[in-house]
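Undergrad:
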């Protein structure tokens, strides 16, 4: 994936908000800065400067970007608003405008922004803080309370498995920066522990997003921050979970070296037999690593351990079907079927997958797609190549190719008989796993 610059905080200024919004639209369109620069006939360094608010765009360039990103005028409208806000701020310093007139301009500015939001403009939620900057200065209430930060983390946790991959990065960047600033201030030991725990969660959510949208290096650095914050908070279960999730992404992304295995062992050691979400995730990945190495008996033994831990999880985990802190039955069934398919036992995986798909909520479109891909994998293992390949391709082209789906699609292609790998559908599926598909 192309390397991209680090997100800026959209709350820093109206121009940072505009730059962050351009980046948001560009990344949703899966364009690099060089791609966008070529489309509007500019040097890519200017795209970087505009997104970082290091340089200001004129109307002509904004319209070109808006057209290239198919933003339907939303970026242009935001630019016009930013210019007006900027002009208003300068006038406040240079002239003695009455409070009444200031209120009128600010009210009009707010109404314009609300109209843009209603039109579906991709404005990051964290940028809303910029609207209230004057209030925070007057009331000295710029910082979120500890309970506010806990709620922010919980809100993010509800969308990890249901929102489009990469859609939270801009919001997370702003919130992580603000939380980092909050951590530099004095707090009671208990409050500092809570803030560190929240920081670990936000950094982990950012790492999950970066795995889908940015370079692998950016992803691993965010995981490292999540590990450090989790360990500093003293929350053992969180430390286990962070390592287990990083191990899973390392496995999906074929991270060089023994990173996935090492992280799994660290997670299992920290859990020390305590049934928790992180231990379950670690055992899931351990079974996949063993299956990938062709170690059938040990992989099945770890699946037994996985089932045992699942049975001992608290109801608050197994009864949560949506948030990142939940592990409903269909998720456990999917995990088991994945390993069985890796072991070539698609016949045993089929009924498990049918149950998982029947229970998986409709809003978890990505999870349902992954289950469907493993079903296609099983069909191919059972020599129903045409149906399996068509099923896999239909699913693969209906949603973005995430790291998990890319891993399963590779397995599907590998399972194809040699004679079937030259079929057009097989070539297209393979292209999706490498990011070379045209169109």
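In my numbering, the protein residues as written are 127 to 565.
Just so it is clear, CB atoms sit at the ideal spot from N, CA and C, and this is done for glycine as well.
(1) Which same chain residues, not among the five before or five after residue 219, have their C-beta less than 7 Å away from its C-beta?
(2) Could you tell me whether the segment 285 to 305 touches the segment 484 to 497, where touching means 3 or more Cβ pairs closer than 8 Å?
(3) Please classify residue 295: is it buried, with 16 or more other beta-carbons within 10 angstroms of its beta-carbon, or exposed?
(4) Closest to residue 506 by CA distance: which of 524, 538, 477 is it?
(5) When you compare only the Cα positions, how much space is there between residue 398 and residue 495?
(6) Who are the Cβ neighbours of residue 422 in its own chain at under 6 Å, not counting the five residues just before and after it?
(7) Which one of 471, 406, 375, 544 has the shortest CA to CA distance from residue 453?
(8) With H, G and I counted as helix, E and B as strand and the rest as coil, what does DSSP make of residue 167?
(9) Among 376, 348, 322, which residue has its Cα nearest to the Cα of residue 360?
(10) In whole angstroms, what separates the C-alpha of residue 351 from that of residue 546?
(11) Is the beta carbon of residue 165 sitting closer than 7 Å to the one on residue 194?
(12) Assuming residue 393 and residue 415 form a contact by the criterion Cβ under 8 Å, report the distance between their Cβ atoms to the nearest whole angstrom.
(13) Would you mind giving the Cβ-Cβ distance between residue 202 and residue 189, rounded to the nearest angstrom? I have them listed as a contact below 8 Å.
(14) Considering only their Cβ atoms, is the gap separating residue 177 from residue 149 smaller than 7 Å?
(15) Output needed for residue 456: all residues of its chain with C-beta closer than 6 Å, excluding positions within five of it in sequence on either side, in chain order.
(16) Between which two residues does the alpha helix (DSSP H) carrying residue 157 extend?
(17) Helix, strand or coil: which one does DSSP assign to residue 310?
(18) Give the single residue among 274, 375, 142, 430 whose Cα lies nearest to the Cα of residue 529.
(19) Apply the 10 Å Cβ neighbour rule to residue 472 and answer buried if 16 or more other Cβ atoms are within range, or exposed otherwise.
(20) Determine the burial state of residue 277: buried for a count of at least 16 other Cβ atoms within 10 Å of its Cβ, exposed for fewer.
(21) Residue 287 by DSSP, collapsed to three states: which one?
(22) Buried or exposed: where does residue 314 fall if 16 or more other Cβ atoms within 10 Å of its Cβ makes it buried?
(23) Using three-state DSSP, classify residue 418 as helix, strand or coil.
(24) Would the segment 423 to 437 and the segment 361 to 380 be scored as touching if the rule is three or more Cβ pairs under 8 Å?
(25) Taking the alpha carbon of residue 500 as the reference point, which residue from 524, 474, 464 has its own alpha carbon closest?
(26) Can you check the segment 403 to 450 for any alpha helix (DSSP H) of at least 4 residues that lies completely inside it and give the ranges in chain order?
(27) Within the same chain, show all residues whose beta-carbon is closer than 6 Å to that of residue 461, passing over the 5 residues directly before and after it, in chain order.
(28) Mind checking residue 304: buried by the 16 CB within 10 Å criterion, or exposed?
(29) So what does DSSP say about residue 301, is it helix, strand or coil?
(30) What three-state label does DSSP hand residue 568 in the structure shown?
(31) So residue 535 packs on residue 559, CB below 8 Å; how close in whole Å?
(32) Hey, out of 531, 466, 153, whose CA is closest to residue 293's CA?
TA: Reading from the atomic positions:
(1) Within the chain shown, residue 219 is the residue found at index 93, counting from 1. Confidence at residue 219 is low in this model, with a pLDDT of 44, below 50, so the placement of that residue is unreliable and no value is reported for it.
(2) yes
(3) Taking the chain shown and counting its residues from 1, the one referred to as residue 295 is at position 169. If you draw a 10 Å sphere on the C-beta of residue 295, you find 16 or more other C-beta atoms in it, and that means buried.
(4) As a first step, residue 506 is located in the chain shown; it is residue number 380 there, counting from the start. Selected option, being the one with the closest Cα: 538.
(5) Taking the chain shown and counting its residues from 1, the one referred to as residue 398 is at position 272. Taking the chain shown and counting its residues from 1, the one referred to as residue 495 is at position 369. Using only the alpha carbons, I get a separation of about 34 Å.
(6) Locating residue 422 in the chain shown gives position 296, where the first residue counts as 1. Same-chain partners within the cutoff: 469.
(7) Counting from 1 along the chain shown, the entry for residue 453 is found at position 327. Among 471, 406, 375, 544, the Cα nearest to that of residue 453 is on 406.
(8) To locate residue 167, count along the chain shown from 1; it is residue 41. It is coil, neither helix nor strand.
(9) The residue given as residue 360 occupies position 234 in the chain shown. Answer by Cα proximity: 322.
(10) For this step, residue 351 is matched to residue 225 along the chain shown. For this step, residue 546 is matched to residue 420 along the chain shown. Rounded to whole angstroms, residue 351 to residue 546 spans 44 Å at the Cα level.
(11) For the purposes of this step, residue 165 is taken as residue 39 along the chain shown, with counting starting at 1. For the purposes of this step, residue 194 is taken as residue 68 along the chain shown, with counting starting at 1. Going by C-beta atoms, residue 165 is nearer than 7 Å to residue 194.
(12) Taking the first residue of the chain shown as position 1, residue 393 is located at position 267. Taking the first residue of the chain shown as position 1, residue 415 is located at position 289. That belief does not hold up - the Cβ atoms of residue 393 and residue 415 are roughly 13 Å apart, past 8 Å.
(13) Residue mapping note: residue 202 aligns to position 76 of the chain shown, counting from 1. Residue mapping note: residue 189 aligns to position 63 of the chain shown, counting from 1. At roughly 6 Å, the Cβ-Cβ gap stays under 8 Å, so residue 202 and residue 189 are in contact.
(14) For the purposes of this step, residue 149 is identified with residue 23 of the chain shown, where counting begins at 1. For the purposes of this step, residue 177 is identified with residue 51 of the chain shown, where counting begins at 1. Contact: yes.
(15) As a first step, residue 456 is located in the chain shown; it is residue number 330 there, counting from the start. Contacts found: 482, 485, 486.
(16) On the chain shown, residue 157 is found 31 positions in, with the first residue counted as 1. Annotation: residue 157 is outside any alpha helix (DSSP H) and is labelled neither H nor E by DSSP.
(17) As a first step, residue 310 is located in the chain shown; it is residue number 184 there, counting from the start. Coil.
(18) The sequence position of residue 529 within the chain shown is 403, counting from 1. Answer by Cα proximity: 375.
(19) To locate residue 472, count along the chain shown from 1; it is residue 346. It counts as buried.
(20) Locating residue 277 in the chain shown gives position 151, counting from the first residue. Residue 277 comes out exposed.
(21) Mapped onto the chain shown, residue 287 falls at position 161. Note: residue 287 maps to coil in three-state DSSP.
(22) Locating residue 314 in the chain shown gives position 188, counting from the first residue. By the C-beta density criterion, residue 314 is exposed, having fewer than 16 other C-beta atoms within 10 angstroms.
(23) What you label residue 418 is simply residue 292 of the chain shown in a count that begins at 1. In this structure, residue 418 counts as helix in the three-state DSSP scheme.
(24) no
(25) One-based indexing of the chain shown puts residue 500 at position 374. Closest by alpha carbon: 464.
(26) Runs found: 403 to 418, 422 to 438, 441 to 444.
(27) Taking the first residue of the chain shown as position 1, residue 461 is located at position 335. Result list for residue 461: 410, in chain order.
(28) Against the chain shown, residue 304 aligns to sequence position 178. The residue in question, residue 304, is buried, as its Cβ has 16 or more Cβ neighbours within 10 Å.
(29) In the chain shown, the residue the question calls residue 301 occupies position 175. Helix, per DSSP.
(30) Any answer about residue 568 is impossible in this case: the structure gives the chain only from 127 up to 565.
(31) Numbered from 1 along the chain shown, position 409 holds the residue referred to as residue 535. Numbered from 1 along the chain shown, position 433 holds the residue referred to as residue 559. Yes, they are in contact, since the Cβ atoms of residue 535 and residue 559 sit about 5 Å apart, within 8 Å.
(32) Mapped onto the chain shown, residue 293 falls at position 167. When each option's Cα is compared against that of residue 293, the closest is 153.
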